[in-house]
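Enquirer: Pasting a structure below so you can have a look.
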């Protein structure tokens, strides 16, 4: 990836990268669409052989030679089921990525350094995975979709092979944990010490939509970076609208087109006929994607304007690699365009493509409108997503078998492509987790998650609240709540040295499931040896030792008390004082208010009493408000988001 | 295979394996019976069980076999 690792604060010469030796030797397993091993991001220059305990390998099958693997790509297997037209099933034995997605996420997390990468000259620059010296093991289980049976086989193989981390950019609408085999399988991975990170889903901004919500996995939402690809549209009335585009033409051509008639269509397959669109710029009434550009081109259209007319966007749009002049407008821009088109009989407009990549000027990070939102649909007391990471307009390596637009009509092939989604955010966190794993090899998955969460940033690069791109249309924006951003943007430098962590292990998750009143039969899906639930979590599931808090005032209860236990992970004794932020009408009392830690790994517990005062009763049921609890000293700040539900 | 068959994932409690089977794979094969050639995967690290092509009726009967914790019909996750 270009830009995003540096946007997260990583630096080649100091901080998390050199401190963690760029994740050298840590093995990240990916369950995805496979890999295109010839990409430069998977070169193994400077990498030593994989550790001797590694049990994985690269398969040697038609279309995928085992010799394509090296000290970077240390494993590649396939578990993709193909349904035959004649009936029956086959497993496609090749881990070669014909879709592009797996290549993209693997290079994002652990791609090697590449001196120069771009897509049509956009987003160009030096590329690096977040943990550029970590190793990649790809378990192909996805084609157009990913069958559960294949995904579980892939996870089973990855953990058997000995991966340290699992990154899975896949999702399905949530189900109770006992009915969700991804939850069952990842529980098994966690039991074996494997850190699992999953995409939170792209069903935002409505709530609750977040997927992959088990407390033993880390759930990631998507945010923008400080990079845009602006292109402008000048309307016949002189109004200039700015959108984004990855359409690249010579500067001279971009200046000479002049005003072109506009025509509005749905951009559906049967709506793009030559008699309607020939010689005109087609305004799609919804985000039709870059592939619609080929339909427009085939019908003789002169250009395409894609408008996202939903609340999914404010001014954060996903750039598209249109094959003809085109851009994507935000819903705000789309409204101005619509107003103009309805005000004149013959609307016209002209494009201006500067083909620029602009960095550092837009407000960032901003939670992407598409990023799925909490609250947690299964256990509201566990806040999800956990964190956000860059997931909009991410450039990373791409399959040689797929076009950049995903369209079969698109003849273009590229080495790098720009994609958006929580799929792209997930491997950023996997990369940071690999850095932490390298530095702290004995940490549990929960400790790694705690480090990621308690050091995450709730502020943007200019020190203002991180904004939710779906919060407003127009100039008024609102801060992203923890239901959208979790604890905030992952900050690797701080996550390497969190000071304190909230740890949890298998027994804690067993107690958690028992507290959910799971039957013995349901419990045995997770823990076959269990004879009965020996205990539950005192005070309920909200008391799981999780790095965030959810406080539910259900109308009858005015006081909630939650407890947590912190573990010192610094080498020296430290003292911490608590600071609290809470909504009006909520009194928060932390006991004790100071925690003294004398030696590494020492644990200290505290309780927090949340009291809803009289005026708080006026809140409508179902309302959410937010605050935080932070343990601080001169060196560390261990911050937990708190969500209050009325 | 019968056209009505689907892939089902059979979650088994490996600790309940009868001693007459010396491996889990043989136990699973016995569960699948004449369908044992339809077993597509066996799982043995993060969970125990197998995936096989079964009809809906076979899947329902499979759920009643001693040692079977649950039977799930395959579904599709999507990249994000």
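Protein chains in written order, with the working numbering: chain W, 66 to 711; chain U, 251 to 330.
In this text, a Cβ means the ideal position worked out from N, Cα and C, and glycines have one as well.
Values in this document were obtained by computation on a predicted structure and should not be read as measured data.
Run through chain U and tell me which residues come within less than 9 Å of residue 284 of chain W, C-beta to C-beta.
Expert: By one-based count along the first chain, residue 284 of chain W stands at place 219. Neighbours of residue 284 of chain W on chain U: none; closest Cβ ~11 Å, over 9 Å.
Enquirer: Shorter than 7 Å from the beta carbon of residue 316 of chain W to some beta carbon of chain U?
Expert: Within the first chain, residue 316 of chain W is the residue found at index 251, counting from 1. Residue confidence for residue 316 of chain W is low, a pLDDT of 49 falling below 50, so the modelled location carries little weight; the figure read from the coordinates is stated next. No, its Cβ sits nowhere closer than 7 Å to a Cβ of chain U.
Enquirer: Quick check on the DSSP output: the beta strand (DSSP E) that includes residue 694 of chain W runs from which residue to which?
Expert: On the first chain, residue 694 of chain W is found 629 positions in, with the first residue counted as 1. Where residue 694 of chain W is concerned, the enclosing beta strand (DSSP E) stretches over 689-697.
Enquirer: Please confirm if residue 237 of chain W has its CB atom under 7 Å from at least one CB of chain U.
Expert: What you label residue 237 of chain W is simply residue 172 of the first chain in a count that begins at 1. By this cut-off, residue 237 of chain W is an interface position.
Enquirer: Which word fits residue 316 of chain W, buried or exposed, when buried means at least 16 other C-beta atoms lie within 10 angstroms of its C-beta?
Expert: Taking the first residue of the first chain as position 1, residue 316 of chain W is located at position 251. Summary for residue 316 of chain W: the model assigns pLDDT 49, below 50, so the residue's position carries little reliability; its value from the coordinates is reported in the next sentence. Exposed, because fewer than 16 other Cβ atoms sit within 10 Å of the Cβ of residue 316 of chain W.
Enquirer: Can the beta-carbon of residue 531 of chain W be found less than 7 Å from the beta-carbon of residue 489 of chain W?
Expert: Position 466 of the first chain holds residue 531 of chain W. Position 424 of the first chain holds residue 489 of chain W. Result no, Cβ atoms of residue 531 of chain W and residue 489 of chain W do not sit closer than 7 Å.
Enquirer: Could you check whether the region 544-560 of chain W touches the region 69-76 of chain W, counting it as contact only if at least three pairs of C-beta atoms, one from each stretch, sit closer than 8 Å?
Expert: With a cut-off of 8 Å, the region 69-76 of chain W and the region 544-560 of chain W count as touching, because enough Cβ pairs lie within range.
Enquirer: Tell me whether the beta-carbon of residue 199 of chain W lies closer than 7 Å to the beta-carbon of residue 369 of chain W.
Expert: Taking the first chain and counting its residues from 1, the one referred to as residue 199 of chain W is at position 134. Taking the first chain and counting its residues from 1, the one referred to as residue 369 of chain W is at position 304. Against a cut-off of 7 Å, the Cβ pair of residue 369 of chain W and residue 199 of chain W comes out as no contact.
Enquirer: Does any residue of chain U bring its CB to less than 7 Å from the CB of residue 246 of chain W?
Expert: Within the first chain, the letter at position 181 stands for residue 246 of chain W. Cβ-Cβ to chain U under 7 Å: yes for residue 246 of chain W.
Enquirer: I'd like the list of long-range same chain contacts for residue 608 of chain W, defined as Cβ closer than 7 Å, with 5 residues on each side in sequence excluded.
Expert: Locating residue 608 of chain W in the first chain gives position 543, where the first residue counts as 1. These residues qualify, in order along the chain: 602, 627 and 628.
Enquirer: From the DSSP output, which residues share a beta bridge with residue 38 of chain W?
Expert: Here chain W covers residues 66 to 711 and nothing more, so residue 38 of chain W does not appear.
Enquirer: Do you know how far the Cα of residue 467 of chain W is from the Cα of residue 475 of chain W?
Expert: In the first chain, counting from the first residue as 1, residue 475 of chain W sits at position 410. In the first chain, counting from the first residue as 1, residue 467 of chain W sits at position 402. For residue 475 of chain W and residue 467 of chain W, the distance between alpha carbons rounds to 9 Å.
Enquirer: Rounding to the nearest angstrom, what Cα-Cα distance links residue 179 of chain W and residue 109 of chain W in this structure?
Expert: Here residue 179 of chain W refers to the residue found at position 114 when the first chain is read from its first residue. Here residue 109 of chain W refers to the residue found at position 44 when the first chain is read from its first residue. When rounded, the distance between both Cα atoms is 11 Å.
Enquirer: In chain order, which beta strand (DSSP E) runs of at least 3 residues are fully inside the region 272-353 of chain W?
Expert: Listed in chain order, the complete beta strand (DSSP E) runs (minimum 3 residues) inside the region 272-353 of chain W are 283-288, 295-300, 305-309, 325-330 and 346-349.
Enquirer: Go ahead and label residue 172 of chain W buried or exposed: buried means 16 or more other beta carbons lie within 10 angstroms of its beta carbon, across all protein chains shown.
Expert: Counting from one through the first chain, the residue named residue 172 of chain W turns up at place 107. Its Cβ being crowded by 16 or more others within 10 Å, residue 172 of chain W is buried.
Enquirer: Going straight from the alpha carbon of residue 571 of chain W to that of residue 145 of chain W, what length do you get?
Expert: Translated into positions along the first chain, residue 571 of chain W becomes position 506. Translated into positions along the first chain, residue 145 of chain W becomes position 80. Their Cα atoms are separated by approximately 30 Å.
Enquirer: Are the CB atoms of residue 188 of chain W and residue 234 of chain W within a distance shorter than 7 Å?
Expert: Taking the first residue of the first chain as position 1, residue 234 of chain W is located at position 169. Taking the first residue of the first chain as position 1, residue 188 of chain W is located at position 123. No; because the gap between Cβ atoms is not below 7 Å, this pair is not in contact.
Enquirer: Determine, using beta carbons only, whether residue 159 of chain W and residue 143 of chain W come nearer to each other than 7 Å.
Expert: Here residue 159 of chain W refers to the residue found at position 94 when the first chain is read from its first residue. Here residue 143 of chain W refers to the residue found at position 78 when the first chain is read from its first residue. Contact flag set, yes.
Enquirer: Please classify residue 293 of chain U: does DSSP put it in a helix, a strand, or coil?
Expert: Residue 293 of chain U sits at position 43 when you count from the first residue of the second chain. Three-state DSSP puts residue 293 of chain U in a strand.
Enquirer: Would you mind listing the beta strand (DSSP E) stretches within the region 473-551 of chain W that are 3+ residues and don't spill past its ends, in chain order?
Expert: For the region 473-551 of chain W, whole beta strand (DSSP E) runs of length 3 or above, ordered along the chain, are 481-484.
Enquirer: Are the beta-carbon atoms of residue 353 of chain W and residue 332 of chain W separated by less than 7 Å?
Expert: The residue given as residue 353 of chain W occupies position 288 in the first chain. The residue given as residue 332 of chain W occupies position 267 in the first chain. Going by C-beta atoms, residue 353 of chain W is nearer than 7 Å to residue 332 of chain W.
Enquirer: Counting only beta-carbon separations shorter than 7 Å, does residue 589 of chain W have a partner in chain U?
Expert: Taking the first residue of the first chain as position 1, residue 589 of chain W is located at position 524. Interface residue, yes.
Enquirer: Taking a cut of 8 Å between CB atoms, which residues from the region 298-324 of chain U lie near chain W?
Expert: The residues in question are 298, 301, 303, 319, 320, 322 and 324.
Enquirer: Could you tell me whether the region 490-510 of chain W touches the region 239-248 of chain W, where touching means 3 or more Cβ pairs closer than 8 Å?
Expert: As far as the Cβ criterion goes, the region 490-510 of chain W does not touch the region 239-248 of chain W, which means the pair count is below three.
Enquirer: Can you find a CB in chain W that lies within less than 7 Å of the CB of residue 329 of chain U?
Expert: Within the second chain, the letter at position 79 stands for residue 329 of chain U. Judged by the 7 Å Cβ criterion, residue 329 of chain U is in contact with chain W.
Enquirer: Can you say whether residue 543 of chain W is buried or exposed, counting buried as having 16 or more other CB atoms within 10 angstroms of its CB?
Expert: Position 478 of the first chain, counted from the first residue, corresponds to residue 543 of chain W. Looking at its Cβ environment, which holds fewer than 16 other Cβ atoms inside 10 Å, residue 543 of chain W is exposed.
Enquirer: Give me the DSSP bridge partner(s) of residue 233 of chain W.
Expert: On the first chain, residue 233 of chain W is found 168 positions in, with the first residue counted as 1. Residue 233 of chain W is bridged to W:263.
Enquirer: Would residue 566 of chain W pass as a contact of residue 634 of chain W if the rule is Cβ separation under 7 Å?
Expert: Taking the first chain and counting its residues from 1, one reaches residue 566 of chain W at position 501. Taking the first chain and counting its residues from 1, one reaches residue 634 of chain W at position 569. Yes; because the gap between Cβ atoms is below 7 Å, this pair is in contact.
Enquirer: In or out: residue 281 of chain W buried (at least 16 other Cβ within 10 Å) or exposed?
Expert: Residue mapping note: residue 281 of chain W aligns to position 216 of the first chain, counting from 1. When all chains shown are included, residue 281 of chain W counts as buried.
Enquirer: Excluding the five sequence neighbours on either side, which residues of its own chain have a C-beta within less than 6 Å of the C-beta of residue 630 of chain W, listed in chain order?
Expert: Here residue 630 of chain W is taken as the residue at index 565 of the first chain, counted from 1. Cβ neighbours of residue 630 of chain W beyond the five flanking positions: 610, 668 and 670.
Enquirer: For residue 262 of chain W and residue 217 of chain W, what's the separation of their Cα atoms in angstroms?
Expert: The residue you call residue 262 of chain W lines up with position 197 of the first chain. The residue you call residue 217 of chain W lines up with position 152 of the first chain. Distance between the alpha carbons of residue 262 of chain W and residue 217 of chain W: 15 Å.
Enquirer: Quick one: Cα of residue 237 of chain W to Cα of residue 153 of chain W, how far?
Expert: Position 172 of the first chain, counted from the start, is the residue given in the question as residue 237 of chain W. Position 88 of the first chain, counted from the start, is the residue given in the question as residue 153 of chain W. Rounded to the nearest angstrom, the two C-alpha atoms are 25 Å apart.
Enquirer: What residue range does the alpha helix (DSSP H) around residue 435 of chain W cover?
Expert: As a working mapping, residue 435 of chain W is identified with position 370 in the first chain. Counting along the chain, residue 435 of chain W falls outside any alpha helix (DSSP H), and DSSP gives it neither H nor E.
Enquirer: Can residue 169 of chain W and residue 461 of chain W be called in contact, C-beta distance under 7 Å?
Expert: The residue given as residue 169 of chain W occupies position 104 in the first chain. The residue given as residue 461 of chain W occupies position 396 in the first chain. Contact flag set, yes.
Enquirer: Check the DSSP bridge columns for residue 708 of chain W and list the partner residues they point to.
Expert: Taking the first residue of the first chain as 1, we reach residue 708 of chain W at position 643. Looking at the DSSP assignment, residue 708 of chain W forms a beta bridge with W:615 and W:691.
Enquirer: Tell me the DSSP secondary structure of residue 105 of chain W in three-state form.
Expert: Position 40 of the first chain, counting from 1, holds the residue named residue 105 of chain W. Correct three-state label for residue 105 of chain W: helix.
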